[in-house]
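Trainee: Take this structure, written in structure tokens, and hold onto it; I'll ask about it next.
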Amino acid sequence: MDITDHPAPAPGTPPGPYDPEAAFEDTIARDQRIEPRDWMPDAYRATLVRQIAQHAHSEIIGMQPEGEWITKAPSLRRKAILFAKVQDEAGHGLYLYSAAETLGADRADLTRRLIDGRQKYSSIFNYPTRTFADVGVIGWFVDGAAICNQVPLCRTSYGPYGRAMVRVCKEESFHQRQGYELLLTMMRGTDEQRAMVQDAVDRWWWPSLMMFGPPDADSPNSARSMAWRIKRHSNDQLRQRFVDMTVPQAEKLGVTLPDPELRWNGERGHHDFGTPDWEELKRVVSGDGPCNAERIARRRAAHEEGAWVREAAASYAAEQAVRTRDGVTA
Amino acid sequence: MSATNKGDWPLYEVFVRGKRGLNHVHVGSLRAADDEMALRHARDLYTRRKEGVSIWAVRSDTIAASAPDEKDPFFAPSGDKVYRHPTFYDIPDDVPHM
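Just so you know, the sequences run in chain order A and B.
Quick note on UniProt numbering: the first sequence kicks off at 1 and runs consecutively.
Quick note on UniProt numbering: the second sequence kicks off at 1 and runs consecutively.
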């Protein structure tokens, strides 16, 4: 484990009575990391469990929209890439469940909460993937937005969450690049392929902007999360960063982003852009998006159909443990 | 948290040696039914891009750990022994190789 996280007290520090709350506040104020067995306020723990679980669920549900295209990918190269990407999403989900478990959450319990609809996942995965161009646009927009969100989370105040994010970010770059490369390839193809790319861009742009959550004024928990340094930037700041980073990429690709209000504002040094349909975001988050029911049904089926495998593995392990104890060779 | 279902697997902590010459470093945890599965899952989860040449997987409930709230008394013995550090000793600047 990371011993640098536990500095020895400075020479001459009087022992004094240990005040866990002051130690927590002090750790945050000095921009150090909180570690699993440290004292932390109940609300800090609950906020993190909710955020990390929701993040983990998003990775796991996020396997579905693209997973549908593995069997239909147009070449062995694209199939292998998509396989690796979807496998990474599973890995990201598991890194995050692992981080949630350090807070006392239980992975099996979190999965039950997901399939019972008691915990949420990112609204973006409730949109359908209609064509293969959607696979490219998901890599470019959705993984690009995820990078905007996740890079600052590498420095989040909770150690295991930050370390999970470091691993995730290292892998996310491949996801974004493969998507953009896929789109570049299609843009060099036929008119029909170029139209497919534009259509996918038109459908995914606004939902991608919604990935950053509601505007700051309607995001009641943001201020507290920022005070605790769980979050480092507000929803609107991250959304702006995403727009600024994506506009030149769209120009290079030769597609139009579907926002008539989108233009460079030299005074602000940022792009101005239109307002996403926040009512749509509310509907999709509350369960009424195009694919909510389908995504959860699929996750539930995978979980239930896998139950016998988990049970068989557990009883095999129990039996082997008895044999080893009794000195019987398998 | 104990397993609540017969199909729930115990938690393992995973340590990976990045390359020869380095220590195994803690990278995270996973769930597995037994040691062998823990190693296979650790390989798939934590070394998809050649991140390691060796893996340890250890049942989380077998790890003994110091408690953070006894940090001060527990680590106090090292706090007042400044003479264990090389900077404690005054050596003239013109003494070479020291």
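Here a beta-carbon is modelled for each residue, glycine too, at the ideal position from N, C-alpha and C.
Please identify, using Cβ separations under 9 Å, the residues of the stretch 81-102 of chain A that lie next to chain B, in order along the chain.
Mentor: Residues passing the 9 Å Cβ filter: 84, 87, 88, 90, 91, 94, 95, 97, 98, 99, 101, 102.
Trainee: Below 8 Å, can you find three or more Cβ-Cβ pairs linking the stretch 30-38 of chain B to the stretch 120-138 of chain A?
Mentor: Not touching, per the Cβ criterion.
Trainee: List the residues of chain B whose Cβ lies closer than 7 Å to the Cβ of residue 389(A), in chain order.
Mentor: Within the shown structure, residues of chain A are numbered from 1 to 330, placing residue 389(A) beyond reach of any answer.
Trainee: Spatial neighbours of residue 232(A) within its chain, please: C-beta separation below 8 Å, excluding the five flanking residues on both sides.
Mentor: Counting only Cβ-Cβ distances below 8 Å, and skipping sequence neighbours, we find 152, 153, 155, 156, 226.
Trainee: Which first and last residues belong to the alpha helix (DSSP H) in which residue 173(A) is found?
Mentor: It spans 159-187 - the alpha helix (DSSP H) in which residue 173(A) sits, taken as one unbroken run.
Trainee: When you compare each of 48(A), 35(A), 26(A), 119(A) to residue 58(A) by their alpha carbons, which one comes out closest?
Mentor: Per the Cα distances, 119(A).
Trainee: Shorter than 8 Å from the beta carbon of residue 45(B) to some beta carbon of chain A?
Mentor: By this cut-off, residue 45(B) is an interface position.
Trainee: Quick one, are the C-beta atoms of residue 98(A) and residue 210(A) less than 8 Å apart?
Mentor: No.
Trainee: When the Cα of residue 142(A) is compared with those of 292(A), 178(A), 81(A), which residue comes out closest?
Mentor: Answer by Cα proximity: 178(A).
Trainee: In or out: residue 191(A) buried (at least 16 other Cβ within 10 Å) or exposed?
Mentor: Residue 191(A) is exposed by the Cβ-count criterion.
Trainee: Buried or exposed: residue 85(A), going by 16 or more other Cβ atoms within 10 Å of its Cβ?
Mentor: It is buried - the Cβ of residue 85(A) has at least 16 other Cβ atoms within 10 Å.
Trainee: Output, in sequence order along the chain, the residues in the stretch 17-28 of chain B whose CB is closer than 9 Å to any CB in chain A.
Mentor: From the stretch 17-28 of chain B, only 25, 26, 27, 28 have a Cβ closer than 9 Å to chain A.
Trainee: Would you mind telling me which residues of chain C sit closer than 9 Å to residue 316(A), beta carbon to beta carbon, in chain order?
Mentor: Among the protein chains of the structure shown, namely A and B, there is no chain C.
Trainee: Closest by CA to residue 92(A), which one among 250(A), 42(A), 175(A), 21(A)?
Mentor: When each option's Cα is compared against that of residue 92(A), the closest is 175(A).
Trainee: Please work out which residues of its chain come closer than 7 Å, Cβ to Cβ, to residue 45(B), disregarding the five sequence neighbours upstream and downstream, and give them in chain order.
Mentor: Counting only Cβ-Cβ distances below 7 Å, and skipping sequence neighbours, we find 30.
Trainee: Is there at least one Cβ from chain A nearer than 8 Å to residue 48(B)'s Cβ?
Mentor: Yes, contact with chain A.
Trainee: Whose CA, out of 48(A), 125(A), 150(A), lies closest to the CA of residue 102(A)?
Mentor: The shortest C-alpha separation from residue 102(A) is found at 48(A).
Trainee: Taking CB distances under 8 Å as the criterion, tell me whether residue 65(B) reaches chain A.
Mentor: At least one chain A Cβ lies under 8 Å of residue 65(B).
Trainee: Could you say which of 255(A), 162(A), 70(A) lies nearest to residue 33(A) if we only look at CA atoms?
Mentor: Cα-wise, what sits closest to residue 33(A) is 162(A).
Trainee: Could you tell me the alpha carbon to alpha carbon distance between residue 90(A) and residue 303(A), rounded to whole angstroms?
Mentor: Distance between the alpha carbons of residue 90(A) and residue 303(A) is about 14 Å.
Trainee: Leaving out the 5 sequence neighbours to the left and right, which residues in its chain are closer than 6 Å to residue 45(A) when beta-carbon positions are compared?
Mentor: Excluding positions up to five away in sequence, the list reads 103.
Trainee: Count the other CB atoms, across all protein chains shown, that sit within 10 Å of the CB of residue 158(A); report buried if there are 16 or more and exposed otherwise.
Mentor: Under this definition residue 158(A) is a buried residue.
Trainee: The alpha helix (DSSP H) with residue 83(A) in it runs from where to where?
Mentor: Here the alpha helix (DSSP H) through residue 83(A) covers 76-101.
Trainee: Is the Cβ-Cβ distance between residue 186(A) and residue 254(A) less than 8 Å?
Mentor: Contact: no.
Trainee: What does the alpha-carbon distance come out to for the pair residue 126(A) and residue 327(A)?
Mentor: Roughly 53 Å separates the two Cα atoms.
Trainee: Going by the DSSP bridge assignment, what does residue 56(B) pair with across the sheet?
Mentor: Paired residue(s): 15(B).
Trainee: Skipping 5 residues on each side, what residues in its chain have a beta carbon closer than 7 Å to that of residue 276(A)?
Mentor: Excluding residues within five positions, the ones whose Cβ falls inside 7 Å are 206, 209, 210.
Trainee: Roughly how many angstroms separate the alpha carbons of residue 94(A) and residue 26(B), rounded to a whole number?
Mentor: When rounded, the distance between both Cα atoms is 15 Å.
Trainee: Cβ of residue 108(A) less than 8 Å from any chain B Cβ?
Mentor: Yes, residue 108(A) counts as interfacial toward chain B.
Trainee: Run the CB neighbour count on residue 75(A), radius 10 Å, all protein chains shown included, and call it buried at 16 or more, exposed below.
Mentor: The residue in question, residue 75(A), is exposed, as its Cβ has fewer than 16 Cβ neighbours within 10 Å.
Trainee: Can you pull the chain A residues whose beta carbon is under 9 Å from the beta carbon of residue 39(B), in chain order?
Mentor: The premise fails here: residue 39(B) is roughly 13 Å from chain A at the closest Cβ pair, so nothing lies under 9 Å.
Trainee: List, in order along the chain, the chain B residues whose C-beta lies closer than 8 Å to that of residue 164(A)?
Mentor: Within chain B, the residues near residue 164(A) are 28.
Trainee: Measuring straight from C-alpha to C-alpha, what distance separates residue 21(A) and residue 74(B)?
Mentor: Straight-line Cα distance between these residues: approximately 19 Å.
Trainee: Buried or exposed: where does residue 55(A) fall if 16 or more other Cβ atoms within 10 Å of its Cβ makes it buried?
Mentor: Residue 55(A) comes out buried.
Trainee: Please classify residue 1(B): does DSSP put it in a helix, a strand, or coil?
Mentor: Its pLDDT being 41, under 50, residue 1(B) is placed unreliably in this model, and the value from its coordinates should be taken loosely. If DSSP states are grouped into helix, strand and coil, residue 1(B) belongs with coil.
Trainee: Report the residue from 27(A), 116(A), 26(A) whose alpha carbon sits nearest the alpha carbon of residue 301(A).
Mentor: Checked all of 27(A), 116(A), 26(A); the closest Cα to residue 301(A) is 116(A).
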